[in-house]
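S.K.: Numbering (the working numbering), first residue to last: 47 to 190.
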C-alpha cells in the first residue's frame with residue numbers, strides 16, 4: 047500500500063507542473079484538496095521557500111524560483127524578473143493596474159530616462175508590499 051503524499055510533495059508537484067510562475071495560497075488549496083487546511087498549505091510553502099523552489103514576494107504571494115548558477119541563491123523564473131512576477135500576481139489578485147508614470151513616460155518618448163525600479167499604478171484599495179531581495183515594488187495610487 048502506498049503512503050499518502052504530504053502537502054509539501056503535493057505543492058512541489060504543483061509548482062513543477064504549473065504553467066504559472068506566481069502562486070497564491072488559494073492556488074495551493076485548490077490543487078490539493080487532501081491538504082486543504084490553510085495552515086498546512088502555508089507550512090508546506092515555507093518548506094519549499096527554505097529549499098529554494100519558491101520565493102516569497104509578499105503576503106500570500108509566492109513565485110517559482112531556481113538556483114542561480116553564479117551566486118547559488120534562488121532567482122525568479124518569471125519572464126521579466128520581478129516586474130513580470132508582479133504583473134502575474136496583480137492579474138491573479140484581480141487588481142486593475144497600469145505601468146507606473148516613469149515607465150509610461152519612457153514608453154511614450156516623453157523621457158529618455160529608463161526606469162530603474164518597477165512601478166505600477168493601481169486602484170486605491172490595493173495595499174500590499176511586494177519585494178524581492180530588498181527591491182520593493184512601487185505602487186502609485188490612482189483611479190485606474
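Note that CB positions come from ideal geometry on N, CA and C, so glycine has one too.
For clarity, every value in this text was computed on a predicted model and none was experimentally measured.
Go ahead and pull the three-state DSSP assignment for residue 139.
M.R.: By 1-based counting over the chain shown, the position of residue 139 is 93. Residue state, collapsed to three classes: coil.
S.K.: What are the boundary residues of the beta strand (DSSP E) that residue 186 is part of?
M.R.: As a working mapping, residue 186 is identified with position 140 in the chain shown. Here the beta strand (DSSP E) through residue 186 covers 184-187.
S.K.: From 156, 172, 160 and 185, pick the residue whose C-alpha is nearest to that of residue 166; which is it?
M.R.: Within the chain shown, the letter at position 120 stands for residue 166. Checked all of 156, 172, 160 and 185; the closest Cα to residue 166 is 185.
S.K.: Does the region 59-69 come close enough to the region 102-113 to have 3 or more Cβ pairs within less than 8 Å?
M.R.: Yes, since at least three Cβ pairs between the region 59-69 and the region 102-113 fall closer than 8 Å, the two stretches touch.
S.K.: Using DSSP's beta-bridge definition, name the partner residues of residue 178.
M.R.: Locating residue 178 in the chain shown gives position 132, counting from the first residue. The partner list for residue 178 (beta bridge, DSSP) reads 181.
S.K.: On the DSSP bridge assignment, give the partners of residue 57 in chain order.
M.R.: Your numbering for residue 57 matches position 11 in the chain shown. Answer is none; residue 57 lacks a bridge partner.
S.K.: Distance, Cα to Cα, residue 74 vs residue 87?
M.R.: Residue numbering aside, residue 74 sits at position 28 when the chain shown is read from its first letter. Residue numbering aside, residue 87 sits at position 41 when the chain shown is read from its first letter. When rounded, the distance between both Cα atoms is 7 Å.
S.K.: Between which two residues does the alpha helix (DSSP H) holding residue 19 run?
M.R.: Residue 19 lies beyond the stretch modelled for the chain, which goes from 47 to 190, so this question has no answer here.
S.K.: By Cβ distance below 6 Å, which residues in the same chain neighbour residue 135 in space, the five residues on each side in sequence not counted?
M.R.: Taking the chain shown and counting its residues from 1, one reaches residue 135 at position 89. Result list for residue 135: 68 and 107, in chain order.
S.K.: Secondary structure at residue 171, three-state DSSP: helix, strand or coil?
M.R.: Translated into positions along the chain shown, residue 171 becomes position 125. Three-state DSSP puts residue 171 in coil, outside helix and strand.
S.K.: If I'm right that residue 131 touches residue 94 with Cβ under 8 Å, what's the distance once you round it to whole angstroms?
M.R.: Here residue 131 is taken as the residue at index 85 of the chain shown, counted from 1. Here residue 94 is taken as the residue at index 48 of the chain shown, counted from 1. At roughly 16 Å, the Cβ-Cβ gap does not stay under 8 Å, so residue 131 and residue 94 are not in contact.
S.K.: What does the Cβ neighbour count give for residue 180, buried or exposed, with the cut at 16 atoms within 10 Å?
M.R.: The residue given as residue 180 occupies position 134 in the chain shown. By the 10 Å Cβ count, residue 180 comes out exposed.
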